[in-house]
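37 is the number of the first residue of the sequence shown in the working numbering; add one for each residue after it. Where a beta carbon is used, it is the ideal one built from N, C-alpha and C, also for glycine. Owing to the predicted nature of the structure, the values given are computational and were not obtained by experimental measurement. Please read the structure below before turning to the comments.
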Amino acid sequence: AHPQVTNILLQIMEDGRLTDSQGRTVDFRNTVVIMTSNVGARRIQEEGRLGFRAQAPKEDADLERSYQSIKNRVMEELKRTFRPEFLNRVDEIIVFHPLTHDQIRQIVDILFKRIAHQVRERGMDITLLPAARDVLARAGFDPNFGARPLRRALQQQVEDALSEEILAGRFQPGDHILVDAEGEQIVFRRAESLPLPSMEGSQKENLPVAEAPKV
C-alpha cells in the first residue's frame, strides 16, 4: 500500500480516531482493526511452502518447525517493509498455515452452496459427489493465487455447464442432479428415483389389523 495509507492507520492506532481533510472526525475507540498483507508471500512461495500442501503428510513436529521458519521469514519482511512505530502498535501478527487438501474441498463446498440454492429455486435438487469435489479442488487451485480461482472453476465447470444442460432440456423441475466426474471432466447425471418399499411378505404381515368390536 501507499505510505500515506500506513500513516492513516498509524493515526487510528495511536489516537483512536481519524480526521479527514474536511475536519470531520471518526471515532475508532472500541474498534477491532484487522489488516491483511501479502508481504513475504513471494519469498515463501519460491520455497514451495505457501498455499496448497501437495507434499506427503508430515509429522506434527515437522509441520510446526516449518511453520516457525515461515513465520520468521515473514517477520523479517515485515520489518523491512513497515516502520517500527507502525509494527509496535499492532497487537498480534498471524501468519496463516498453508491450505490443506481438506480445506480446499471445504471451500468448494461453501462455494457450491450458492449454485445449489439457485438450482433448488428452479424446482430441482443437486448433489456434489466426492469425485467432482476433488476435480474442482485441483482445477481451482493455483500456486500463485491460492484458492481464489476456485470461484471461477465452479462457475465455468458447474454453473455455466449446468445452465446449458438445463436450457437443452436434459433436466426438468423435480429432477435430482448429481455432479460427478469422469477423469478430470465434470459430468451431470440424473439420480434415479428410489423404489417404494414392497408391501408383500413380512412387511405386509406386520401391518396393524383393526379388531372387530366386541358385542
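Cutoff 6 Å; reference residue i; Cβ partners in own chain excluding five residues on either side
i, result
"L46", "F122"
"Q193", "I222"
Residues of its chain near residue i, where Cβ-Cβ distance is below 8 Å and the 5 sequence neighbours each way are ignored
i, result
"D145", "L164, R169"
"R141", "R169, D170, A173"
"R156", "I162"
Test item: CB-CB of residue i and residue j under 8 Å
i, j, result
"V171", "I222", "yes"
"R184", "L147", "no"
"E128", "G76", "no"
"A175", "A197", "no"
"F118", "T42", "yes"
"F64", "I44", "no"
"K107", "V131", "yes"
"D216", "M160", "no"
"P209", "R150", "no"
As assigned by DSSP and simplified to three states, the class of residue i
i, result
"D216", "strand"
"I70", "coil"
"I130", "coil"
"V223", "strand"
"T163", "strand"
"L198", "helix"
"T61", "strand"
"D178", "strand"
7 Å CB neighbourhood of residue i in its chain, flanking five on each side removed
i, result
"A152", "I162"
"S229", "Residue placement at S229 is flagged as unreliable, the pLDDT there being 48, under the threshold of 50; a coordinate-derived value is accordingly withheld."
"H133", "Y103"
"E201", "F207, F224"
8 Å Cβ cutoff, residue i in contact with chain C
i, result
"R206", "Absent from the structure: chain C. Only one protein chain is present."
Local Cβ density within 10 Å of residue i, reported as buried at 16 or more and exposed below that
i, result
"G182", "buried"
"A173", "buried"
"I143", "buried"
"V68", "exposed"
"V62", "exposed"
Cβ-heavy atom distance, residue i to the ligand ZN, below 7 Å
i, result
"T42", "Of the ligands one can find in the structure shown there are none, so the ligand ZN has no counterpart to examine."
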